[in-house]
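S.K.: Last residue of the sequence shown: number 607 in our numbering, and the count goes up by one each step with no gaps.
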Amino acid sequence: CVTLRLRLRRGREAVVSTQSTGEWEYRLQCPTILNVPDLYRGVLWSPMSKGKKSADNRLFYIGMQDQWYTFTLFQLQAVWVAQAIKGIKEIPSVEDCHAEITHWTGTNPEVTSCPYKAIQSQTDYLLRLQADTGFEGQFDAHKQFFDWKKSKVDVAEYRNKAYPSP
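What follows is the structure, encoded as structure tokens:
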């Protein structure tokens, strides 16, 4: 578990965590899924679950969802969090955050029904984070993931193939 406490201007503090904090009211609890409840944009603690407390936009989680992308996901989430902490990224109202969380968690049954839908869903998520942050780079690798997934049919041979980064 990695937890960073960041001192902000005017004596405020933000917490960035790679796992649930020890305090029950701020603890993220869910199965391994693509769209995590209680996290706006997959990173900002915006609790909707019973018994959870608000952290006034000062608690962030990174890498909590089921992952097809890993370092790319962490990189874009970290940029989003840094921009939110610095005040570059404006955080919507609690109601808007909850509406978005409800929308995306509602897609979990559909996107987890097929690995190709899951890959495309996480690709779309990364592209949303990229659009939010203006971070430059090529983050759409869904074609490579599709090819990789198809090649896993032959368990003895799939590791012999190369998949270049986009």
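The C-beta atom is built at its ideal place from N, Cα and C for all residues, glycine as well.
Leaving out five residues on either side along the sequence, give the residues of the same chain with a beta carbon under 6 Å from the beta carbon of T564.
M.R.: Within the same chain, T564 has close Cβ partners D581 and H583.
S.K.: Within 10 angstroms of the Cβ of Q470, are there 16 or more other Cβ atoms? Answer buried if so, exposed if not.
M.R.: Q470 comes out exposed.
S.K.: With a threshold of 8 Å, are at least 3 pairs of Cβ atoms found where one atom belongs to the region 520-528 and the other to the region 539-558?
M.R.: In short, these stretches do not touch, since the Cβ pair count stays below three.
S.K.: Per DSSP, which one or two residues make a beta bridge with Y557?
M.R.: BP columns for Y557 are empty, so no partner.
S.K.: May I have the straight-line CA-CA distance separating T553 from Y510, to the nearest angstrom?
M.R.: Straight-line Cα distance between these residues: approximately 15 Å.
S.K.: From the DSSP output, in three-state form, read off F576 for me.
M.R.: DSSP places F576 in coil when its eight states are reduced to three.
S.K.: For N601, is the classification buried or exposed, using 16 other Cβ atoms within 10 angstroms of its Cβ as the cut-off for buried?
M.R.: Exposed, by the Cβ-count rule.
S.K.: Look at the alpha carbon of I503 and the alpha carbon of A559, and state the distance between them as a whole number of angstroms.
M.R.: Cα-Cα distance, rounded: 19 Å.
S.K.: Between which residues of its own chain and Y481 is the CB-CB distance below 7 Å, once the five residues before and five after are set aside?
M.R.: S487, C538, E541 and I542, listed in sequence order.
S.K.: Could you tell me the boundaries of the beta strand (DSSP E) in which L517 lies?
M.R.: It is not in any beta strand (DSSP E) - L517 instead sits in the alpha helix (DSSP H) that spans F512 to K527.
S.K.: When DSSP builds the beta bridges, which residues end up paired with W486?
M.R.: DSSP, once it has assigned bridges, lists L480 as partnering W486.
S.K.: Around the Cβ of D479, are there at least 16 other Cβ atoms within 10 angstroms (buried) or fewer (exposed)?
M.R.: By the neighbour-count rule (16 or more Cβ atoms within 10 Å), D479 is buried.
S.K.: Closer than 7 Å by C-beta to Q508: which residues in its own chain qualify, once you throw out the five before and the five after it? Chain order, please.
M.R.: Answer for Q508: L514, listed in chain order.
S.K.: Considering just the uninterrupted stretch of the alpha helix (DSSP H) at C538, what are its terminal residues?
M.R.: Taken as a continuous stretch (DSSP letters only), the alpha helix (DSSP H) holding C538 covers V535 to G547.
S.K.: Between Q516 and N476, which are expected to be in contact by the criterion C-beta below 8 Å, what is the C-beta distance as a whole number of angstroms?
M.R.: Going by Cβ atoms, the distance from Q516 to N476 rounds to 19 Å, so no, they are not a contact pair.
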